[in-house]
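Trainee: Can you keep this structure in mind? I'll have questions shortly.
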Amino acid sequence: MITPDQVRGKHTTLEAAVLHNAWPTLAAARGKVVFLMDQRPVGPVYLEGHPGLRGRVIFTNAEPGQPDCAFTEENDGSQEEITALVRKGYLVRTRTDADTKQARTNDTTRRDIALASGAQILSTDYPQSEPSQWTPYSVGLPGGAVARCNPVNGPPSCSHIAE
28 MITPDQVRGK HTTLEAAVLH NAWPTLAAAR GKVVFLMDQR PVGPVYLEGH PGLRGRVIFT
88 NAEPGQPDCA FTEENDGSQE EITALVRKGY LVRTRTDADT KQARTNDTTR RDIALASGAQ
148 ILSTDYPQSE PSQWTPYSVG LPGGAVARCN PVNGPPSCSH IAE
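Be aware that the sequence shown starts at 28, since it is given in our numbering, and climbs by one per residue.
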């Protein structure tokens with residue numbers, strides 16, 4: 028498990044650690060899980076008595092600029108906004124579709140923005156592995172890959188990981 032305390036290390040805040048690239052390396056993180064709080068409004072309750080997530084397991088969904096911000100949700104952010112957050116070191120989640128809107132029109136604009144943005148977590152209601160019978164819209168990585176190098180901050184030596 029990767030915890031906020033591990034990421035913070037000797038930095039004064041979790042956000043300071045993230046902005047100084049203190050996330051574990053891929054090799055150190057392999058085989059571990061990270062727990063993320065999806066609902067931003069309950070973050071303050073989870074922080075009570077644990078400033079900066081000290082002693083906590085879950086990373087809150089916080090606004091950049093807050094001392095507990097390591098993970099942030101940018102469901103409606105532009106590609107530029109999301110890419111800027113990724114470059115700073117935040118773990119970012121975004122949506123590729125919502126409310127069946129993209130599926131009804133087969134509009135891949137939001138999906139393509141999300142894939143190019145560098146957001147590490149992409150949410151969809153239409154995974155390529157579960158084709159819909161009523162829409163051709165789906166979300167997946169090229170070649171059926173389950174993971175890939177980050178297009179924003181992946182090292183040049185990174186090679187894609189196939190299914």
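In this text, a Cβ means the ideal position worked out from N, Cα and C, and glycines have one as well.
1. Please list, in chain order, all residues of the same chain as H77 whose beta carbon is under 7 Å from its beta carbon, the five residues on each side excluded.
2. State the start and end residues of the unbroken alpha helix (DSSP H) segment that holds T132.
3. Under the rule that 16 or more other beta-carbon atoms within 10 Å means buried, what is N88, buried or exposed?
4. For E42, which of helix, strand or coil comes out of DSSP?
5. Should the stretch 53-71 be called in touch with the stretch 133-140, which here means at least 3 C-beta pairs below 8 Å?
6. Taking the C-alpha atoms as reference points, what is the distance between G116 and T162?
7. Quick one: using the 10 Å Cβ neighbour count with 16 as the cut-off for buried, is G145 buried or exposed?
8. L74 to Q160, Cα distance in whole Å?
9. Would you call the CB atoms of P154 and G170 closer than 8 Å?
10. When you compare only the Cα positions, how much space is there between Q33 and P183?
11. Span of the alpha helix (DSSP H) holding S159?
12. How many whole angstroms separate the CB atoms of E101 and E107, which I take to be in contact at a CB cut-off of 8 Å?
13. Would you check if the distance between the CB atom of L63 and the CB atom of P31 is smaller than 8 Å?
14. Check E108 in the structure and name its three-state DSSP category.
15. Just to check my reading of the structure: D126 and T151 have Cβ atoms closer than 8 Å, yes? What is that Cβ distance to the nearest angstrom?
16. CA-CA distance, P91 and T136?
Mentor: Per the coordinate set shown:
1. R83
2. K128 to T132
3. buried
4. helix
5. no
6. 36 Å
7. buried
8. 43 Å
9. no
10. 27 Å
11. Here S159 belongs to no alpha helix (DSSP H), and DSSP marks it neither H nor E.
12. Incorrect: roughly 11 Å between the Cβ atoms, too far for contact.
13. no
14. helix
15. The Cβ separation is near 12 Å, so there is no contact.
16. 25 Å
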